[in-house]
Structures are given as C-alpha cells and as structure tokens.
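J.:
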Amino acid sequence: MNPENTAPSVSQSSTAASALYTGKAPGKRGAFKKNRELLALSLPGVLFKLIFSYLPLIGLILAFKDFRYDKGILGSNWIGFKNFEFFFTSEDAFRITRNTILYNVGFILLTTVIALALAIALNEVTKRFMKVYQTALFLPHFLSWVVVGYIALAFLDHEKGFINQWLIQYGMDPVKWYQEAQYWPVILNLVHLWKNVGFATLIYYAGIIGLDSSYYEAAKIDGAGRWQVVTRITIPLLTPLILILFILDIGKIFRADFGLFYFIPNNSGMIYSSTDVIDTYVFRSLKVVGDLGMSTAVGLYQSVVGLVLVLCTNAIIKKINHENALW
16 MNPENTAPSV SQSSTAASAL YTGKAPGKRG AFKKNRELLA LSLPGVLFKL IFSYLPLIGL
76 ILAFKDFRYD KGILGSNWIG FKNFEFFFTS EDAFRITRNT ILYNVGFILL TTVIALALAI
136 ALNEVTKRFM KVYQTALFLP HFLSWVVVGY IALAFLDHEK GFINQWLIQY GMDPVKWYQE
196 AQYWPVILNL VHLWKNVGFA TLIYYAGIIG LDSSYYEAAK IDGAGRWQVV TRITIPLLTP
256 LILILFILDI GKIFRADFGL FYFIPNNSGM IYSSTDVIDT YVFRSLKVVG DLGMSTAVGL
316 YQSVVGLVLV LCTNAIIKKI NHENALW
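Under this note's numbering, the first residue of the sequence shown is numbered 16, with each subsequent residue one higher.
1. DSSP three-state call for K175: helix, strand or coil?
2. With a 10 Å radius around its C-beta and 16 neighbouring C-beta atoms as the bar for buried, classify V206 as buried or exposed.
3. To the nearest angstrom, report how far apart I341 and L131 are at their CA atoms.
4. Quick check on DSSP: helix, strand or coil for W181?
5. Determine whether the beta carbon atoms of A373 and F177 lie at a separation below 8 angstroms.
6. With H, G and I counted as helix, E and B as strand and the rest as coil, what does DSSP make of N282?
7. Considering only DSSP beta bridges, list what G87 is partnered with.
8. Quick one: measure Cβ to Cβ for V212 and L158, integer angstroms, because I've assumed they're closer than 8 angstroms.
9. My understanding is that F96 touches V313, with C-beta atoms under 8 angstroms, so please give their C-beta distance in whole angstroms.
10. Under 8 angstroms, do G225 and K80 count as touching if we go by C-beta distance?
11. Count the C-beta pairs between the stretch 45–55 and the stretch 263–283 that are closer than 8 angstroms, then say yes if the count reaches three, no if not.
12. Contact check, K210 vs P255 under 8 angstroms by CB: the rounded distance?
13. Going by beta carbon distance, what residues of the same chain come within less than 6 angstroms of Y36, once the five residues before and after it are set aside?
14. Taking buried to mean at least 16 other C-beta atoms within 10 Å of its own C-beta, is G266 buried or exposed?
15. Determine, using beta carbons only, whether F82 and S91 come nearer to each other than 8 angstroms.
16. In this structure, how does DSSP classify W192 when only helix, strand and coil are distinguished?
17. According to DSSP, what are the bridge partners of W160?
18. Leaving aside the five residues before and after W120 along the sequence, list all residues of the same chain whose C-beta is less than 8 angstroms from its C-beta, in chain order.
19. Helix, strand or coil, according to DSSP, for W8 in the structure here?
20. For a cutoff of 8 angstroms on Cβ pairs, would you count V323 as touching chain C?
21. Could you tell me whether the stretch 108–118 touches the stretch 284–298, using the rule of 3 or more Cβ pairs below 8 angstroms?
22. Quick check on DSSP: helix, strand or coil for W342?
23. Where does V92 fall in DSSP's three states?
24. Grab the span of the alpha helix (DSSP H) containing A271 for me, first residue to last.
25. Residues in its own chain within less than 7 angstroms of W93 by CB, not counting five upstream and five downstream?
26. Using three-state DSSP, classify A40 as helix, strand or coil.
27. G45 by DSSP, collapsed to three states: which one?
28. Could you have a look at L208 and say whether DSSP puts it in helix, strand or coil?
29. Counting C-beta neighbours from all protein chains within 10 Å, is the total for I135 16 or more, i.e. buried, or is it exposed?
30. Less than 8 angstroms separating the beta-carbons of N204 and L125?
31. Does the separation of the CB atoms of L322 and S310 fall below 8 angstroms?
32. For W199, is the classification buried or exposed, using 16 other Cβ atoms within 10 angstroms of its Cβ as the cut-off for buried?
33. Along the chain, where does the alpha helix (DSSP H) that runs through Q317 open and close?
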C-alpha cells in the first residue's frame, strides 16, 4: 500500500483543524445566509400576520375590563369575568350556540361530500371543457356576501321574487320567505354550498391530479371499474388531505360566517330562531349597548373553544393514524 494514498494532506488537516476551532462544518454557511432568499420572500407574509393577527392580541385584555374610551385599555377598571356573564346568562345563549354549531356541522359535512364528488367528476371531464367547469365552480367564491344577498333577494322577495312568480304561475300561493323561519336552514345550507364548494373542489382536484398515476394504470390493467378506482384508490389516497381540512374546519365550528347570516336573511327579526348565531347576536348587542368588553369576551370564548376542539380532534386522529394527524 502506498503511504502517500493513506496519509492526510496538509490542506485536509488544516481544514479539519479550522472546523474544530470554529465549531462549524467546512464549506457550509449559516442557516440565515443559506436561506436568506426564502426568508426575504416570506417577510411580507410574516409582517402581515404579525401586524394584523398577533399585535391585536393585546386587545384581549378588554375581555376582563370595563372599557371606557376616556381611560383607554390600560386605564379601564378590571372586572374579571363579568363580561362573560352577559353571554352565558342571556336567554338566547343556548339558541345561538346551537344554531352556530349545527350550521357549521352541516356546512362541513355537505361541502366536503359535494366538493369531493365534484373533484372526482372533474378528473373525468375532458380537458376541452375543464376551464369552463372550473370557472363556473370558482366564480361564486369571489362574490361578496352583499352581492350574494341581493341575488338571494331577487329569488326570495315576496312580491317580485323569481320563486314566488313561478309558484303563482303554477297556481300556488306565494311564500313569505323572510317571515317564515322553517325554510332557512335549507336556504342557508344551499347558499353556503353554492358560494364555497368551488374553492373546496379545486383543493381536492389539485390533490387528485397530484396522485401517482401508476396506481391508476395498475387498476386499469387489472380491469377495475370507475367506482372501484374511486373507492379503493382515490379516496384512500386523499384521506390525509380530507382529514387536514376537517381539523381546520373544526377549529371554526364556534365561529359563524357573519356575511352569510346577516346579509342573506336580510337581518329579518322574524326568522332569528333559525338564522341568529353568535356573531350576529354579538353584533346587534354591540350596536345597542356599545360594550367592547363584552364582544371581546365572546370572541375570546370562541377562539379558546375552537383551539380546544382542534387539539382534541388532532389527538383522536393521531391515535387512529399518526400519519394523518396535523402535527
């Protein structure tokens, strides 16, 4: 054996000594320098999140104070949990909490099932009509709830609404939609589905086109039908994505979409039993009483409950299948 091939060179020895002295691996920059381009790209998003999500957390102290504008946040008197008593001792607390939870459960289940079905159907559509279907599904997502409210009014207006005009043409009596509460659980679910199913569909469709095509090729060779491909390949492979979106939706189960429940029912008091939720109730109370502490207390309550539900749901999924958990 040639000793020249086994003995370390002077440069290698000096490099190793330098690495031992500095405590860093040779030829590697620090983490910040190495990823400075990526950090620069993320900076606007981080600043936005910091300014509009984390800095306002200072205002949570209002939930425990009798806020007065002349004294400010720090100067207002500390009253403990009295702001929470307004909500929990209210006669409407059970009704609005029930409505909020039941509507959100319905939204989650209905949107997930329909969006998944549409995503699978889009995967079977020819590319010629793909853009048309995607645009038709996704367009309602960009409409504001004010615009959607006027669209709903065009259909549901008692005198000139399209639905009542059709009912009259077929010899039936018109319906006073904004005065009869029993119709609104169905109406609100349909409106929410129409506006939000497109966005959820595109998420699932993106997940489908990202699946390994070799699974489908093997199924085709084995003679599997479309239903077998969907139930044995597509849905099982999409399960992690479905569960992640489900966990995130669970965190919002105590928060209602204010625009949906305020503008679509046209803030009609005669149907509050079916359309009133926590957010609209707090908004009306704030307009009448003007108590910022009370509204902050309810918002804090919604956030804490949502966080607990996310943690519990993720823990349950983690026990069933660790790979499908959010963390």
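Built from N, CA and C at the ideal position, the CB exists for glycine as well.
T.: With the structure as the only source:
1. K175: coil per DSSP, three-state reduction.
2. buried
3. First, the residue type needs correcting, since residue 341 is Leu and not Ile in the sequence shown. Between L341 and L131, the C-alpha separation is close to 20 angstroms.
4. helix
5. Because the chain is modelled from 16 through 342, residue 373 falls outside the range shown and cannot be assessed.
6. coil
7. R83
8. Going by Cβ atoms, the distance from V212 to L158 rounds to 13 angstroms, so no, they are not a contact pair.
9. Rounded, the Cβ-Cβ distance is 12 angstroms, inconsistent with contact.
10. no
11. no
12. Not quite, the Cβ-Cβ distance comes to about 26 angstroms (not below 8 angstroms), so this is no contact.
13. Here the model assigns Y36 a pLDDT of 44, short of 50, so the residue's position is not dependable and the matter cannot be decided.
14. By the C-beta density criterion, G266 is buried, having at least 16 other C-beta atoms within 10 angstroms.
15. yes
16. Helix at W192.
17. By DSSP's assignment, W160 forms no beta bridge with any residue.
18. Checking the sequence, you will find Val at residue 120 rather than Trp. So the list reads I268, once near-sequence residues are dropped.
19. Limits of the chain in this structure are 16 at one end and 342 at the other, which puts residue 8 out of reach.
20. The chain labelled as chain C is not found in the depicted structure, where only one protein chain is given.
21. yes
22. coil
23. Per the sequence presented here, residue 92 reads as Asn, with Val not at that position. N92: strand per DSSP, three-state reduction.
24. First-last for A271: undefined, no H or E at that position.
25. F79 and K80
26. Low local confidence applies: a pLDDT of 48 at A40 is under 50, so the model's placement there is unreliable, with the coordinate-based value given in what follows. A40 falls in the coil class under three-state DSSP.
27. coil
28. helix
29. I135 should be labelled buried.
30. Yes, the Cβ-Cβ distance between N204 and L125 is below 8 angstroms.
31. no
32. buried
33. L307 to I335
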